[in-house]
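Residue numbers (the numbering used here), protein chains in the order written: chain A, -11 to 196; chain B, 50 to 472.
Ideal placement from N, C-alpha and C gives every residue a C-beta, glycine not left out.
1. Does any residue of chain A have a CB that is nearer than 9 Å to the CB of residue 158 (chain B)?
2. Could you tell me if residue 141 (chain A) is buried or exposed, where buried requires 16 or more neighbouring beta carbons within 10 angstroms of its beta carbon?
3. Where do the ends of the beta strand (DSSP E) carrying residue 41 (chain A) lie?
4. Suppose contacts are defined by Cβ-Cβ distances below 9 Å. Is residue 43 (chain A) in contact with residue 406 (chain B) by that definition?
5. Using only the alpha-carbon positions, how far apart do residue 371 (chain B) and residue 137 (chain B) sit?
6. Using the Cα positions of residue 333 (chain B) and residue 1 (chain A), report the straight-line distance between them to the nearest angstrom.
7. Put residue 360 (chain B) into one of helix, strand or coil per three-state DSSP.
8. Comparing alpha-carbon positions, which option in B:89, B:180, B:230, B:457 lies nearest residue 277 (chain B)?
9. So, at 7 Å on beta carbons, what are the nonlocal neighbours of residue 430 (chain B) in its own chain, with the 5 sequence-adjacent residues on each side left out?
10. How is the beta strand (DSSP E) around residue 57 (chain A) delimited, first residue to last?
11. Output the distance between the C-alpha atoms of residue 414 (chain B) and residue 67 (chain A), rounded to the nearest integer angstrom.
12. Within 9 Å (strictly less), CB to CB, does residue 201 (chain B) reach chain A?
13. So, for residue 243 (chain B): in the same chain, excluding its five sequence neighbours on each side, which residues have a beta-carbon less than 7 Å away from its beta-carbon?
14. When the cut-off is 9 Å and only beta carbons count, does residue 286 (chain B) lie next to chain A?
15. Taking all protein chains shown into account, do 16 or more other C-beta atoms lie within 10 angstroms of the C-beta of residue 148 (chain B), making it buried, or fewer, making it exposed?
16. Put residue 121 (chain B) into one of helix, strand or coil per three-state DSSP.
17. Quick one: using the 10 Å Cβ neighbour count with 16 as the cut-off for buried, is residue 197 (chain B) buried or exposed?
18. Check the Cβ-Cβ distances between residue 322 (chain B) and every residue of chain A, and say whether any is below 9 Å.
19. With 8 Å as the C-beta to C-beta threshold (strictly closer), list the residues of the region 411 to 439 of chain B near chain A in chain order.
20. Residues of chain A with CB closer than 7 Å to the CB of residue 308 (chain B), please, in chain order.
21. Going by other Cβ atoms of all chains shown within 10 Å of its Cβ, with 16 needed for buried, is residue 111 (chain A) buried or exposed?
22. What's the C-alpha gap between residue 231 (chain B) and residue 307 (chain B)?
23. Taking 9 Å as the cut-off, decide whether the C-beta atoms of residue 113 (chain B) and residue 470 (chain B) are in contact.
24. By the 10 Å Cβ neighbour count, where 16 or more other Cβ atoms means buried, how is residue 150 (chain A) classified, buried or exposed?
25. Pick out the complete alpha helix (DSSP H) segments inside the region 323 to 383 of chain B, 4 residues or longer, and give them in chain order.
26. Between residue 175 (chain B) and the rest of its own chain, which residues show a CB-CB distance below 6 Å, the 5 nearest in sequence each way excluded?
27. Leaving out five residues before and five after residue 64 (chain A) in sequence, what residues of the same chain have Cβ atoms less than 6 Å from its Cβ?
28. Return the chain-ordered list of same chain residues with a C-beta closer than 7 Å to the C-beta of residue 193 (chain B), the five sequence neighbours on each side being excluded.
29. If you measure beta-carbon to beta-carbon, which residues of the region 73 to 95 of chain A are closer than 8 Å to chain B?
30. Terminal residues of the continuous alpha helix (DSSP H) containing residue 213 (chain B)?
31. What are the boundary residues of the alpha helix (DSSP H) that includes residue 111 (chain B)?
32. Report the rounded CA-to-CA distance for residue 293 (chain B) versus residue 52 (chain A), giving the unit in angstroms.
33. DSSP has residue 409 (chain B) in a bridge; who is on the other side?
34. Rounded to a whole number of angstroms, what is the C-alpha to C-alpha distance between residue 170 (chain B) and residue 217 (chain B)?
35. Output the distance between the C-alpha atoms of residue 416 (chain B) and residue 71 (chain B), rounded to the nearest integer angstrom.
36. Using a beta-carbon distance below 9 Å, is residue -6 (chain A) in contact with chain B?
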């Protein structure tokens, strides 16, 4: 009941901005109609209702619906164990809402993760970089239109983008004799590979 | 003659300011040092970009994600049951606890999390607490080894081996246990398991005491980590720390007590809380948590309904054919069970539309699953709130003002695991 009371207090304070609290499995969810107001609601919840602990921020991609994004905040009051979930919708054209970093410091990484995975930007965030994927990665992998198998991308500035000198070769350090390569059980020659050094030598050995 | 050296300024930010002030007349430039991602003290693949003024850290920028596998994306593309093996690989030092957390999260969505059979609840608590001991043993062992106390590491690994043996006879696997199922556990305690567990508890207490004699009053250990990286109560809450890191800062918050799940209400245990929030407090909290876990497990083994070998045939799964797989004999002889089995395997557990969040007190902190369902056997969105990810976000706050050699101690005291952080 405590959760519902607190949700009603938020509702009483902000009126039409807040939806009627919904309860499911003892958890109370309220929806904030305007994402731009999220900071005000969070500040109120923290200062007046004791929600000093931000458990988590997550995001949902409602692919094919409008507005496309939903951002979900899980708030907790340490003292009495009250919990509430705030949700707000963000349209795909905008894909931006204000950061709550000023309210809880922990929002920093959560918001970076949402930006990284979904591509929702947080205005006012001082350090909105990718966090799990690398800098320069072109996609947002948690979007519903991103395939599970992934998409090929170039990895900038790391090894193995060029052909390695030992490619296709026998992985031995020193061939001791002429037929050492043919004896090497690990040697793998691709069927229609371009003839390289190792191939020529292999063919030569077989001709003998 | 021994002297005690006290650090006068406890707050790390104030200490930086004081140190910078004293260095102002010395000419020099700052150096940027890259630590990790492959560094023995980063316990996995954590990279930290450190900005140094001499030996003093002035800025620290953690870089995570080297172990990102896209678990949340994977979860959206498979049934709830199929995702259980992936939870083993989150915090791979405590797979049993992850299994329990995940199962409870899905059960909360189904609305059966408080209707689990008592025996199942006790088994799950035993699992979670065994995982806690195992994880803390490794965390402390590695922490001590990074500080040069290699003996402790050997002691803890001897004990962890016994936990792995227990896991093996319980679940069939040592590391990737996948023990829980939605609505229960995959199998009952094997015969003789409770006795083995009792024996282990007796031995581990001896070993914890021995570790304590090696560390707790050890001058080198105490001097090295006391008053180091103090996290205040406010900061701990503000940065969303959880688990031993939060309690080490003096916040008495434990999900097992504050939001009791399973049978924790019926068990008698205490919550360890630190006083100052330094590395030494976090170490002490973990030490005490292991003792409390031993206490919890021995109570569970005594109180478990049906006793150790379940002579009275207490159920271990909820009695609902639409959630738990029926016994194989019945599948082969009865139409209804056959249909249930077919539906569960092909479609998955049919969850109602809705959204729930369940936070579980994992060894590393609060492991939470936010499940958003549109109905059916596959989640629409599954967000994993991993404690290591959140705990690491405080690094830029606590590192400045510490010495370069302290990084290893602070990382050890934060006790994170990258498999869970990067998901």
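Working from what's here:
1. yes
2. exposed
3. 41 to 49
4. yes
5. 25 Å
6. 44 Å
7. coil
8. B:457
9. 125, 421
10. 57 to 64
11. 18 Å
12. no
13. 350, 357
14. yes
15. buried
16. helix
17. exposed
18. no
19. 415, 417, 419, 421, 429, 430, 432, 434, 438, 439
20. 69
21. exposed
22. 24 Å
23. yes
24. Note on residue 150 (chain A): pLDDT 48, under 50, position unreliable in the model; the coordinate value appears next. The residue is exposed, with fewer than 16 neighbouring Cβ atoms inside 10 Å.
25. 328 to 352, 377 to 382
26. 346, 349
27. 41, 43, 71
28. 201, 202, 264
29. 73, 92, 93, 94
30. 199 to 220
31. Premise fails: residue 111 (chain B) lies in the beta strand (DSSP E), 105 to 112, not in any alpha helix (DSSP H).
32. 42 Å
33. B:416
34. 20 Å
35. 43 Å
36. no
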